[in-house]
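A short write-up of the structure that comes next.
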Amino acid sequence: MTIRELIRQSEAMLDEKDKDCNVAKVLFYHLANTEPHQLYLMMDEEVDQDLLKEFQAGMKRYMDGEPIQYVKGKETFFSRDFIVNENVLIPRYETEELVENILYKIDDYFDAYEKIDLCDIGTGSGAIAISLALEEKRLNVVATDISHEALEVAKLNAEALNANVQFFQGDMLAPLIERDMKVDIFVSNPPYIPSQQDIESVVKDNEPHVALFGGQDGLYFYRKIFSQVKTILNKRALLAFEMGFDQRELMQEAVESYFPDTPYEIIKDINGKDRMLFIYYHLKG
Ligand code: SAM
Ligand code: GLN
Numbered sequence: 520m521t522i523r524e525l526i527r528q529s530e531a532m533l534d535e536k537d538k539d540c541n542v543a544k545v546l547f548y549h550l551a552n553t554e555p556h557q558l559y560l561m562m563d564e565e566v567d568q569d570l571l572k573e574f575q576a577g578m579k580r581y582m583d584g585e586p587i588q589y590v591k592g593k594e595t596f597f598s599r600d601f602i603v604n605e606n607v608l609i610p611r612y613e614t615e616e617l618v619e620n621i622l623y624k625i626d627d628y629f630d631a632y633e634k635i636d637l638c639d640i641g642t643g644s645g646a647i648a649i650s651l652a653l654e655e656k657r658l659n660v661v662a663t664d665i666s667h668e669a670l671e672v673a674k675l676n677a678e679a680l681n682a683n684v685q686f687f688q689g690d691m692l693a694p695l696i697e698r699d700m701k702v703d704i705f706v707s708n709p710p711y712i713p714s715q716q717d718i719e720s721v722v723k724d725n726e727p728h729v730a731l732f733g734g735q736d737g738l739y740f741y742r743k744i745f746s747q748v749k750t751i752l753n754k755r756a757l758l759a760f761e762m763g764f765d766q767r768e769l770m771q772e773a774v775e776s777y778f779p780d781t782p783y784e785i786i787k788d789i790n791g792k793d794r795m796l797f798i799y800y801h802l803k804g
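Counting from 1, position 55 in the sequence shown corresponds to residue 574 in our numbering; the numbering is continuous, with no gaps.
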C-alpha cells in the first residue's frame with residue numbers, strides 16, 4: 520500500500536465516524552517524523568511495515584476516543600514539544616496566552632529586577648513553568664503539583680527542554696509555606712470546571728479529573744489560594760491565573776473580598792472570552 524492509499528483510506532474511516540479527518544495526516548507526520556511538505560513528496564512511496572503497524576495502533580486508540588495528543592505522546596506549547604500522557608492535562612492554547620501576558624507584565628512591572636522569583640501551582644505537564652523559565656532568564660521558577668505522576672512528566676519535560684525549574688509535590692501552597700519561600704510572581708491554572716458541569720466526553724473520559732474539577736462553582740482552588748497566598752508573596756507581587764470564561768462575577772466577588780483595595784483585571788482570550796485574572800499586589804501607584 521502507498522502512503523497516499525493509507526491516508527485516503529484512513530480519512531474515509533474518520534469521516535464515516537464523524538471524527539477529525541486531519542488526524543490521519545497528523546498521526547502519519549508524527550510517526551514518520553516528517554513535515555507536511557515532505558509527506559507530499561512521499562505520497563507514492565510504499566508504507567514501511569513497522570510504521571503501518573504503529574499507525575494502525577494509533578488510529579485505533581484515536582477511534583476509540585483517546586485525544587490525539589495522548590496517542591502521539593506530545594503537544595506543542597509556546598513553540599516547544601511537551602511530553603503528555605493520561606496523568607497530565609493536555610496544555611491548552613488559551614494557556615499560551617496566559618504565558619504571553621505574564622511576559623508582558625514582567626516588562627511592565629519587574630524591569631528593574633535582576634532576579635525574579637516565580638511559582639506555578641498545579642504545574643501538570645510543566646507547560647507554564649518551563650515556558651516561562653526558558654523565555655525569561657531572570658526568572659527563578661518553582662513548580663508544584665499534588666499529583667506525583669504529573670510531576671514525573673513535568674520533570675521529563677524540564678530535562679528534555681533543558682529548563683531550570685525546581686519541582687515540589689504537595690497540596691496547593693503547602694510546599695512553599697513549609698519551606699518559607701516567597702515569590703514575586705504567583706501563577707496558577709488550577710482546576711476550575713464546576714464539579715457537576717457536563718463537559719465534552721473526550722475530556723471527561725481521558726484527562727485526569729484532579730486537573731479539571733474545582734468544586735461546586737469551580738472557584739474552590741482560587742478561594743483556597745487567595746486565603747493563604749499573602750504568606751508567600753513578597754512586598755510587591757503579581758498574581759496571574761487562568762479562569763473559566765463564565766466565572767467573571769464570582770471571581771470579582773472572591774478577589775474583592777480577599778484583596779480589598781487591590782487593583783486587578785480580567786483579560787479576555789483571543790476568542791473574546793474572559794480567561795485570565797491578574798492581581799497587582801502593591802504593584803501600581
Ligand atoms: N498548569 C498545567 C497547564 O496549564 O496545562 C496544568 C493545569 S491543570 C488545569 C491543574 C493542575 O493542578 C493539575 O496538574 C492537577 O494535578 C493540579 N492540582 C489539582 N489539585 C491540586 C492541589 N490540591 N494542589 C496542587 N496541585 C493540584
Ligand atoms: N480549559 C480546560 C477545559 O476546558 C480546563 C482547565 C482548567 O480547569 N484549568 O477542559
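From the three backbone atoms N, C-alpha and C, an ideal C-beta is built for every residue, glycine too.
As the structure is a computational prediction, the values presented were derived from the model and not from experiment.
Bounding residues of the beta strand (DSSP E) (the contiguous stretch that carries residue i)
i, result
"Tyr-800", "793-800"
"Arg-755", "752-761"
"Val-661", "658-664"
"Ser-650", "Counting along the chain, Ser-650 falls outside any beta strand (DSSP E), though it belongs to the alpha helix (DSSP H) covering 646-654."
"Ile-744", "Segment 739-747 is the alpha helix (DSSP H) holding Ile-744; no beta strand (DSSP E) there."
"Gln-688", "684-688"
Residues that DSSP places opposite residue i in a beta bridge
i, result
"Arg-599", "Phe-596"
"Ile-789", "DSSP lists no partner for Ile-789."
"Phe-705", "Cys-638 and Leu-758"
"Glu-565", "Thr-521"
"Glu-719", "Paired residues: none, contrary to the question."
"Val-732", "Per the sequence shown, the amino acid found at residue 732 is Phe instead of Val. DSSP lists Ile-712 as partners of Phe-732."
"Tyr-783", "Ile-798"
Heavy atom of ligand 4 within 6 Å of residue i beta-carbon
i, result
"Ile-712", "Within the structure as shown, ligand 4 is missing, the only ligands being ligand 1 and ligand 2."
Neighbour flag for residue i against chain C, beta carbons, 7 Å
i, result
"Ser-598", "Of the protein chains in the structure, only one exists, and it is not chain C."
Residue i, enclosing alpha helix (DSSP H) - first and last residue
i, result
"Glu-524", "522-535"
"Ala-587", "It is worth fixing the name first, because residue 587 is Ile in this sequence and not Ala. Counting along the chain, the alpha helix (DSSP H) containing Ile-587 begins and ends at 587-591."
"Ser-776", "767-777"
"Val-618", "612-628"
"Tyr-632", "Neither: Tyr-632 is in no alpha helix (DSSP H) and is coded neither H nor E."
"Val-545", "541-551"
"Asn-681", "First-last for Asn-681: undefined, no H or E at that position."
"Glu-697", "693-697"
Per-residue burial, residue i [other beta carbons within 10 Å of its own, 16 or more giving buried]
i, result
"Pro-555", "exposed"
"Gln-766", "buried"
"Glu-768", "exposed"
"Pro-710", "buried"
"Gln-588", "buried"
"Met-795", "buried"
"Asn-541", "exposed"
"Val-607", "buried"
"Val-774", "buried"
"Ile-718", "exposed"
"Ala-631", "exposed"
"Leu-560", "exposed"
"Ala-673", "buried"
Check: residue i C-beta below 6 Å from any heavy atom of ligand 2
i, result
"Val-603", "no"
"Val-722", "yes"
"Arg-708", "Arg is not the amino acid found at residue 708; the sequence shown has Asn there. Flag set: Cβ of Asn-708 near ligand 2."
"Arg-767", "no"
"Arg-611", "yes"
"Leu-731", "yes"
Residue i: CB within 6 Å of a non-hydrogen atom of ligand 1
i, result
"Pro-586", "no"
"Pro-779", "no"
"Ser-666", "yes"
"Ile-647", "yes"
"Thr-750", "no"
"Leu-653", "no"
"Met-691", "yes"
"Thr-642", "yes"
"Thr-553", "no"
"Ala-759", "no"
"Thr-595", "no"
"Phe-669", "The question names Phe, but residue 669 is Ala in the sequence shown. True, at least one ligand heavy atom lies under 6 Å from that Cβ."
"Leu-658", "no"
"Leu-493", "In the structure displayed, the chain extends from 520 to 804; residue 493 sits before or after that span and is not available."
"Leu-738", "no"
"Thr-521", "no"
"Leu-608", "yes"
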